[in-house]
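Student: One structure, as structure tokens, below. Some questions next.
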Amino acid sequence: MIGGTGIASLYGAISGLGDVEDSNYLFLSLYTTSGNSIPSFMSFIALLGPIIGLALGFDAVNSERAGGTLNRLVAQPIYRDSIIIGKFLAGTAVIATIIYTMGIGLGAVGILCTGVKPSGEEVWRILVFLTFTVVYVAFWLAISIWFSVVCRHAATSALASIALWVFFAIFMSLVARIVANAAYPIGDEYHAMINSYNNYTLNLGLNRISPYYLYSEAVSTIMNPTVRSVNVVTMDQLVGAVSGYLSLGQSLLLVWPNLTGLAALMLIAFGGSYIGFMRQEIRSN
Amino acid sequence: MSENSRNVIELSQLTKQYGDKRAVDSLNLSIRKGEVFGLLGPNGAGKTTTILMLLGLTEPTAGTALIEGLDCARHPLEVKGIVGYLPDNVGFYPDMTGRQNLRFTGQLNGLSGQELEERIDELLARVGMTEAADRRAGTYSKGMRQRLGIADVLIKDPEIIIMDEPTLGIDPEGMRELLNLIRELSVEDGRTILISSHQLHQIQQVCDRVGIFVEGKLIASGTLAELEEQILQDGSYLLEVNVHPCDDKLLGMLSQQEGLEKIQKEGNTLLISSKKDIRGQLTRFLGEHGYTILHLHQRGGDLDEIYRRYFEKAGQSDERNDFEEKRKHGWRRRGKQARQGTDRA
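From first to last, the protein sequence lines are chains A and B.
Under this note's numbering, the first residue of the first sequence carries the number 1, and numbering increases by one thereafter.
Under this note's numbering, the first residue of the second sequence carries the number 286, and numbering increases by one thereafter.
Below, the structure is given as structure tokens:
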């Protein structure tokens, strides 16, 4: 499915490529351009990438428990950590393989179809983008392993992790907007004038709790050298700014907090499943 | 002999508390090298918890469990290296063949290459699974899984084997094979075996010693003969009699006899309890009054009876009494096989 959508978005990107005005980073726009009614590869991955993680992890522990293999496994002379760490690392390895293969494959097909040649910096940007994606999907893997440790049944953990995914991907922005509007109302002109900065900042801050938003923000910055800031920019900050591209280093610097945030979320999720698993009593019924 | 009487498993004051409930309460038990020990008790008596503590999978609330002098809570890895554990409801990875499953376990135990392959072949032959070895484990029946489970346990060549409810859900033929195998493991290989079960008849056939385990407490342990003796010393005999004709007149006469404590009628069978052995007296009495004895049996010789007596003695809770009721009404009239079925439910 992911592969299929990748191809579809590539097709969309190629057909939409003619409309791209900025010809400096043409190769990157293969990943970021959306064709008519087909979203770009980047937004596809942000939305559907978690599915890979969830599919790999949702029954990692509880299916073994239900199948009676887990208590056979823990009776062997191995540390219990190795079971849960092994499950996470194996999943992450699979994810990395899928993501890199897909990303690089897409680029290769793109070269063949369009003849656009990537520059060195573009290649680096794509690799950073793919690495971000791996961390992001590994976060979802860790979440689903956590649910599989906590929930008895594979169906429960699958539903719970999918619910969380839907919440972050769709509802988090709604919630953030509602909370921000409640805290800093911008209903009329007067309020809008004094509150809009705070409103926007709060909205953004809440959205950034969501790994979906963190990831999207980070990769759109990486893949668009024209993005100069991820925060609110006031008019006086813009005075005298020279319009131009950011170098890769500067782009990275801009989203470094997002990367650390994502990695931290991933580690927290894995830490949760690790502790949960280590403290759990393994019995078959 | 001195080698044989060495204790390989030593539990002292072992206690496990779950909230308010004491799953295992100050358990003291030692198991000697090379013996087959049966841990008997109803469901929820704390048998599995005890086993988990032995393997270091659960931390005891108090007390210690030693296997070969190693503290199970502190050195679980070493303990798991010498103890083979066959859980109840043993499972295998359904997408892998039986052979691959065994290979995986072998690798986890640090075996590899030719040595591992040879051992797998040998064990598959031993449990009679050679033909099914290359089928996917998902297609195996319960009995086959159990046999593969034994092969799986034997891969690491353990000194001690712990089996949790190994006889559960196996057909009579499979049961017989399993018991033979257990016997063989003990006698020929000299392994120490701990079996937990609530199915008395099978255990009776293979165990050197049994321990009766109720609500976290070990209320009796010893050889079957010892347990029987203990019971009989309490001075309570139960006689099963089947006579012809079995009429109310007989009941009336019997109730006037001396030495008979209680007479119950279950179908055509009379259950007579007494303080001493009254078989001789009763035979004479019945003969004089023209009754034909069809069946006369002193209960107490089999484990079932011993088990029941110990339950009564332990001063059972309401829940236990329900269990007893079920046993009396449900089991008695059925055959032995059906009895196991009820128990499982």
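We put the beta carbon where it would ideally sit given N, CA and C, even for glycine.
(1) Leaving out five residues before and five after Leu-248 of chain A in sequence, what residues of the same chain have Cβ atoms less than 7 angstroms from its Cβ?
(2) With respect to the alpha helix (DSSP H) encompassing Arg-468 of chain B, which residues constitute its N-terminal and C-terminal limits?
(3) Our contact map puts Arg-177 of chain A next to Asn-195 of chain A with C-beta atoms below 8 angstroms; I'd like the distance itself, whole angstroms only.
(4) Under three-state DSSP, which class holds Asn-606 of chain B?
(5) Please report the distance separating the alpha-carbon of Ile-104 of chain A from that of Thr-114 of chain A.
(6) Between A:Gly-110, A:Tyr-25 and A:Gly-12, which lies nearest to Pro-225 of chain A when the distance is taken from Cα to Cα?
(7) Of all the beta strand (DSSP E) runs that stay within the bounds of the segment 150 to 186 of chain A, which reach a length of 3 or more residues?
(8) Whether or not the segment 212 to 222 of chain A and the segment 87 to 106 of chain A are in contact is what I'm after, with contact meaning three or more pairs of Cβ atoms, one per stretch, closer than 8 angstroms; do they touch?
(9) Anything in the segment 67 to 83 of chain A with a Cβ closer than 9 angstroms to a Cβ of chain B? List those residues in chain order, please.
(10) Do you know offhand how far Gly-544 of chain B's Cα is from Gln-583 of chain B's?
(11) Against chain A, with Cβ distances strictly below 8 angstroms, would Pro-443 of chain B count as a contact?
(12) May I ask which residues mark the beginning and end of the alpha helix (DSSP H) holding Ile-209 of chain A?
(13) Confirm, please, whether the CB-CB distance from Phe-27 of chain A to Val-116 of chain A is below 8 angstroms.
(14) Could you give the distance in angstroms between the alpha-carbon of Gln-250 of chain A and the alpha-carbon of Thr-131 of chain A?
(15) Helix, strand or coil for Ser-559 of chain B? Go by DSSP, reduced to three states.
(16) Along the chain, where does the alpha helix (DSSP H) that runs through Lys-550 of chain B open and close?
(17) Excluding the five sequence neighbours on either side, which residues of its own chain have a C-beta within less than 6 angstroms of the C-beta of Ile-222 of chain A, listed in chain order?
(18) Any chance the segment 463 to 477 of chain B sits against the segment 304 to 315 of chain B, with 3 or more Cβ pairs inside 8 angstroms?
(19) For the segment 342 to 369 of chain B, list every residue whose C-beta sits within 7 angstroms of some C-beta in chain A, in sequence order.
(20) Below 8 angstroms on C-beta distance, what does Glu-281 of chain A contact in chain B?
(21) Mind listing, in chain order, the continuous alpha helix (DSSP H) runs of no fewer than 4 residues lying wholly within the segment 225 to 270 of chain A?
(22) Can you look up Val-368 of chain B in the DSSP assignment and give me helix, strand or coil?
(23) According to the Cβ coordinates, are Ser-482 of chain B and Thr-333 of chain B closer than 8 angstroms?
(24) Taking CB distances under 8 angstroms as the criterion, tell me whether Asn-328 of chain B reaches chain A.
(25) Around the Cβ of Glu-281 of chain A, are there at least 16 other Cβ atoms within 10 angstroms (buried) or fewer (exposed)?
(26) Applying the criterion that 16 or more other CB atoms from any shown protein chain within 10 Å of the CB defines a buried residue, is Asn-328 of chain B buried or exposed?
(27) Quick one: list the residues of chain A neighbouring Leu-324 of chain B, beta-carbon separation under 9 angstroms, in chain order.
(28) If you draw a straight line from the alpha carbon of Gln-484 of chain B to that of Leu-312 of chain B, how long is it in whole angstroms?
(29) Here's a check: name, in chain order, each residue in its chain whose Cβ is nearer than 7 angstroms to the Cβ of Gly-434 of chain B, leaving out the five neighbours to either side.
(30) How close, in whole Å, do the beta carbons of Ser-558 of chain B and Leu-523 of chain B come, if the pair is a contact with beta carbons under 8 angstroms?
(31) What residues in the segment 370 to 386 of chain B bring their beta carbon closer than 9 angstroms to a beta carbon of chain A?
(32) Would you decide whether Trp-165 of chain A is buried or exposed? Buried here means 16 or more other CB atoms lie within 10 Å of its CB.
(33) Under a Cβ-count criterion, where at least 16 other Cβ atoms within 10 Å of its own Cβ denotes burial, should Ser-397 of chain B be classed as buried or exposed?
Tutor: Looking at the atomic coordinates:
(1) Position 248 of the first sequence, counting from 1, holds the residue named residue 248 of chain A. So the list reads Glu-121, Trp-124 and Arg-125, once near-sequence residues are dropped.
(2) Your numbering for residue 468 of chain B matches position 183 in the second sequence. From DSSP, the alpha helix (DSSP H) with Arg-468 of chain B extends over 457 to 472.
(3) Counted from its first residue, the first sequence places residue 177 of chain A at position 177. Counted from its first residue, the first sequence places residue 195 of chain A at position 195. With 8 angstroms as the limit, Arg-177 of chain A and Asn-195 of chain A do not qualify as a contact, their Cβ atoms being about 13 angstroms apart.
(4) Translated into positions along the second sequence, residue 606 of chain B becomes position 321. Any reading at Asn-606 of chain B must be qualified, since the residue scores a pLDDT of 46, below 50, and its modelled position is unreliable; the value itself is stated next. Three-state result, Asn-606 of chain B: helix.
(5) Along the first sequence, one-based indexing puts residue 104 of chain A at 104. Along the first sequence, one-based indexing puts residue 114 of chain A at 114. C-alpha separation (whole angstroms): 15 angstroms.
(6) One-based indexing of the first sequence puts residue 225 of chain A at position 225. Nearest of A:Gly-110, A:Tyr-25 and A:Gly-12 to Pro-225 of chain A, Cα basis: A:Tyr-25.
(7) none
(8) no
(9) Gly-67, Gly-68, Thr-69, Leu-70, Asn-71, Arg-72, Leu-73, Val-74, Ala-75, Gln-76, Pro-77, Ile-78, Tyr-79 and Arg-80
(10) Locating residue 544 of chain B in the second sequence gives position 259, where the first residue counts as 1. Locating residue 583 of chain B in the second sequence gives position 298, where the first residue counts as 1. So the two alpha carbons sit approximately 16 angstroms from each other.
(11) On the second sequence, residue 443 of chain B is found 158 positions in, with the first residue counted as 1. Output row for Pro-443 of chain B: interface = no.
(12) Mapped onto the first sequence, residue 209 of chain A falls at position 209. Element bounds for Ile-209 of chain A: n/a, residue is neither H nor E.
(13) Within the first sequence, numbered from 1, the residue matching residue 116 of chain A stands at position 116. Within the first sequence, numbered from 1, the residue matching residue 27 of chain A stands at position 27. Yes.
(14) Looking up residue 250 of chain A in the first sequence gives position 250. Looking up residue 131 of chain A in the first sequence gives position 131. Each residue's alpha carbon lies about 17 angstroms from the other.
(15) Translated into the one-based positions of the second sequence, residue 559 of chain B becomes position 274. Ser-559 of chain B: strand per DSSP, three-state reduction.
(16) Walking along the second sequence from the start, residue 550 of chain B turns up at place 265. Premise fails: Lys-550 of chain B lies in the beta strand (DSSP E), 545 to 551, not in any alpha helix (DSSP H).
(17) As a position in the first sequence, residue 222 of chain A is number 222, starting the count at 1. Contacts found: Arg-125, Val-128, Phe-129 and Ser-251.
(18) no
(19) Leu-342, Thr-343, Leu-362, Lys-365 and Gly-366
(20) What you label residue 281 of chain A is simply residue 281 of the first sequence in a count that begins at 1. What Glu-281 of chain A touches in chain B: Leu-337, Leu-342 and Thr-343.
(21) 235 to 238
(22) Within the second sequence, numbered from 1, the residue matching residue 368 of chain B stands at position 83. Residue state, collapsed to three classes: strand.
(23) Sequence index remark: in the second sequence, residue 482 of chain B carries index 197 (1-based). Sequence index remark: in the second sequence, residue 333 of chain B carries index 48 (1-based). No, Cβ-Cβ distance for Ser-482 of chain B and Thr-333 of chain B is not below 8 angstroms.
(24) The residue labelled residue 328 of chain B in the question sits at position 43 within the second sequence. Cβ-Cβ to chain A under 8 angstroms: no for Asn-328 of chain B.
(25) Locating residue 281 of chain A in the first sequence gives position 281, counting from the first residue. By the 10 Å Cβ count, Glu-281 of chain A comes out exposed.
(26) The residue you call residue 328 of chain B lines up with position 43 of the second sequence. Per the 10 Å Cβ criterion, exposed.
(27) Walking along the second sequence from the start, residue 324 of chain B turns up at place 39. Result: empty, since nearest Cβ-Cβ is about 16 angstroms, beyond 9 angstroms.
(28) For this step, residue 484 of chain B is matched to residue 199 along the second sequence. For this step, residue 312 of chain B is matched to residue 27 along the second sequence. Approximately 21 angstroms, taken between the alpha carbons.
(29) Numbered from 1 along the second sequence, position 149 holds the residue referred to as residue 434 of chain B. The residues are Leu-371 and Val-375.
(30) Mapped onto the second sequence, residue 558 of chain B falls at position 273. Mapped onto the second sequence, residue 523 of chain B falls at position 238. Right, the Cβ-Cβ distance comes to about 5 angstroms (below 8 angstroms), so this counts as a contact.
(31) Tyr-370, Leu-371, Pro-372, Asp-373, Asn-374, Val-375, Gly-376, Phe-377, Tyr-378, Pro-379 and Asn-386
(32) The residue you call residue 165 of chain A lines up with position 165 of the first sequence. Classification for Trp-165 of chain A: buried.
(33) The sequence position of residue 397 of chain B within the second sequence is 112, counting from 1. Exposed.
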